[in-house]
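Colleague: Here you go, one structure.
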Amino acid sequence: MARSMSTSLLDDLNGLISDESAQIEYKHELAISAFTNDVARLMTDQGISQSELARRLGVSRARVSQLMRHKSSPTLHTMVEVANALGCDVSPGLAPRESRAELDVVEGDRERASVRSA
């Protein structure tokens with residue numbers, strides 16, 4: 010029974026993702042998730058708290074918390090501000106659908122993390 014339920018769930022998910030608007034929403038959420046994961050990793054690596062990041066950005070700690078908990082969708086402008094506060098750059102890119110779309114967060118000359126989706 011568990012196998013048929015998971016197969017059914019997988020079929021449902023594949024059906025949702027095959028819908029173009031669902032694909033766009035999925036890719037949007039994937040990019041935001043990757044960005045916030047990168048921010049969390051960089052904050053840990055640099056020993057920066059949410060309060061410190063908020064101070065650097067000139068926003069409330071609650072605003073940073075909302076961003077980190079995916080309670081709001083950051084604009085590209087916000088992403089650039091956050092990256093700048095962490096000493097990084099955001100490097101969005103486009104690629105043909107046959108390739109893999111990318112959104113990279115770079116620290117100095119090193120790539121720190123990427124989102125790649127088919």
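Going by the numbering used here, the first residue of the sequence shown is number 10, and it counts up by one from there. For each residue, glycine too, the CB sits at the ideal point set by N, CA and C. All of these numbers come straight from a predicted model, not from anything done at the bench.
Hey, Leu85 and Val48 are a contact pair by Cβ (cut 8 Å); roughly how many whole angstroms apart?
Modeller: That belief does not hold up - the Cβ atoms of Leu85 and Val48 are roughly 14 Å apart, past 8 Å.
Colleague: Could you tell me the distance, in whole angstroms, from the CA atom of Ala63 to the CA atom of Asp28?
Modeller: Cα-Cα distance, rounded: 38 Å.
Colleague: To the nearest angstrom, how far is the alpha carbon of Ile57 from that of Asp98?
Modeller: In a straight line, the C-alpha of Ile57 is about 17 Å away from that of Asp98.
Colleague: Is the distance from the Cβ of Ile41 to the Cβ of Ser74 below 8 Å?
Modeller: The answer is no: Cβ separation not under 8 Å.
Colleague: Tell me which residues share the same chain as Leu51 and place their Cβ nearer than 6 Å to its Cβ, disregarding the 5 neighbours each side in the sequence.
Modeller: Closer than 6 Å at the Cβ level, and outside the excluded window around Leu51, lie Leu95.
Colleague: Measuring CA to CA, which of Glu90, Leu103, Glu38, Tyr35 is closest to Arg65?
Modeller: For the residues Glu90, Leu103, Glu38, Tyr35, the minimum Cα distance to Arg65 belongs to Glu90.
Colleague: Excluding the 5 residues flanking Ser69 on each side, which residues of the same chain have their C-beta closer than 8 Å to its C-beta?
Modeller: Ala63.
Colleague: Can you give me the Cβ contacts of Gly67 inside the same chain, cut-off strictly under 7 Å, excluding the 5 residues immediately before and after it?
Modeller: Nothing listed; no residue qualifies.
Colleague: Secondary structure at Asp28, three-state DSSP: helix, strand or coil?
Modeller: Looking at Asp28 - three-state DSSP - the assignment turns out to be coil, as it is neither helix nor strand.
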